[in-house]
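Here our numbering is used: position 267 in the sequence shown is 267, and no number is missing along the way.
The C-beta atom is built at its ideal place from N, Cα and C for all residues, glycine as well.
Please read the structure below before turning to the comments.
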Amino acid sequence: MKAGNGTRLLINEVATRDGFQMESRFIPTDDKVALVDRLSTLGYAKIEVTSFTLAKAIPALRDGEEVMHRIARRPGVVYTALVPNVRGAERALESRIDEFNIVMSVSETHNLSNLRMTREQSFAQLAEVVALAKRADVPVNVSLSCVFGCPMEGEVLLSVVLGWIDRFAVLGVQGITLCDTTGMAYPTQVQAVCDAVLARHPALEWTAHFHNTRGMGLANTVAAVEAGIRRLDMSLGGIGDCPYAPGATGNVATEDVVHMLQCMGYDTGMNLDGVVAAAEQLESLVQHELSSQVSRAGHRLTRHAPPADFNDIVERANARLQKEQA
Ligand code: ZN
């Protein structure tokens, strides 16, 4: 394992989309706007603000337009949103989105379950979105689900993953996100996949997106970064879920990942104390306990007071020492 040596990493926040879409409580629009505005000050490269899916498909994000119109955009931060189809792309353009994030799964079963379409049908629809984005001069990122395995099909062959990547590269997308949708990735696999895609398409902007379902999220993050990935998705408080995988938990938590990477000497550009404070606010918004750890335990160098009877302990130790020496 290598030290970060100040290597710059770009941090993307997905709590307001990947996280909020699965929350049972509707987060009030005012609170969403206030949270995005707060996140904008913390050093993120990108914030996935919302989704332009049909309101009845994802009611939690039915206020996408209003949130986009009301947030204070900070220069240097890319405000992206999930765009499922041409209709969603038109709404996203009206909201002056900086980037389209389009999504499909490399697993046929997962794509059918999640998007109600075959992969070919999804690809055809997304190709139209990419064409529209090109005319509007808006960059497109593709988030590929189940790159490291499918909860219904099991292993997904790397050759299948590379096949879809090649087809999106031909369309002229700017970046691709390798999504471990249900936390099936493990570090050596991550390294092999990242090595393969970076060697094949070095000019594409690559992002890694890990869920922490089986506790491997931080290890997978290190593997991806050491393989040369410089962009990482994560979610404040580790919120997020997947409806097709029992026990699937949220994304890797922003505070946990940033804390680790900063300890290792990477330059994340992030204000960690600010992230931990924002996680506290998030906990009151979602009204359940967060799964992140640094938000509870604090920085590794957070100093705690010794036990209340510490002076007595020292006195007794000294007394014993004197007795022994006498
Ligand atoms: Zn996700």
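A distance criterion of 6 Å places the beta-carbon of residue 166 beyond contact range of the ligand ZN, judged by its closest non-hydrogen atom. Around residue 171, the same chain offers 127 and 130 as residues with beta carbons nearer than 7 Å, after the five sequence neighbours per side are excluded. The three-state reading of DSSP puts residue 74 in coil, since its state is none of H, G, I, E or B. At a threshold of 6 Å, residue 18 counts as near the ligand ZN, since its beta carbon sits closer than that to one of the ligand's heavy atoms. Remark: C-beta atoms of residue 15 and residue 235 approach each other more closely than 7 Å. Per the C-alpha coordinates, the member of 156, 71 and 26 positioned closest to residue 37 is 71. Secondary structure note for residue 209: its beta strand (DSSP E) is the uninterrupted segment 205–210.
Close CB contacts of residue 77 within its chain, under the 8 Å cut and outside five residues either way in sequence, are with 40, 44, 45, 46 and 47 (chain order). Taking the CA atoms as reference points, residue 57 sits about 32 Å from residue 277. Note on geometry: alpha-carbon atoms of residue 3 and residue 309 lie some 40 Å from one another.
Beta-bridge partners of residue 100 (DSSP): 81 and 140.
One Cα belongs to residue 256, the other to residue 222, and the distance between them is close to 12 Å. The shortest C-alpha to C-alpha distance from residue 102 to any of 96, 118, 133 and 113 is the one to 133. Residue environment analysis places residue 8 among the exposed positions, since fewer than 16 neighbouring C-beta atoms fall within 10 angstroms of its C-beta. Assigned with DSSP and collapsed to three states, residue 113 falls in helix.
Just so you know, the alpha carbons of residue 22 and residue 240 end up roughly 6 Å apart. It is roughly 30 Å from the alpha-carbon of residue 169 to the alpha-carbon of residue 258.
For residue 163, the three-state secondary structure derived from DSSP is helix.
The C-alpha of residue 285 is placed about 31 Å away from the C-alpha of residue 140. When beta bridges are read from the DSSP output, residue 233 appears opposite 12 and 209.
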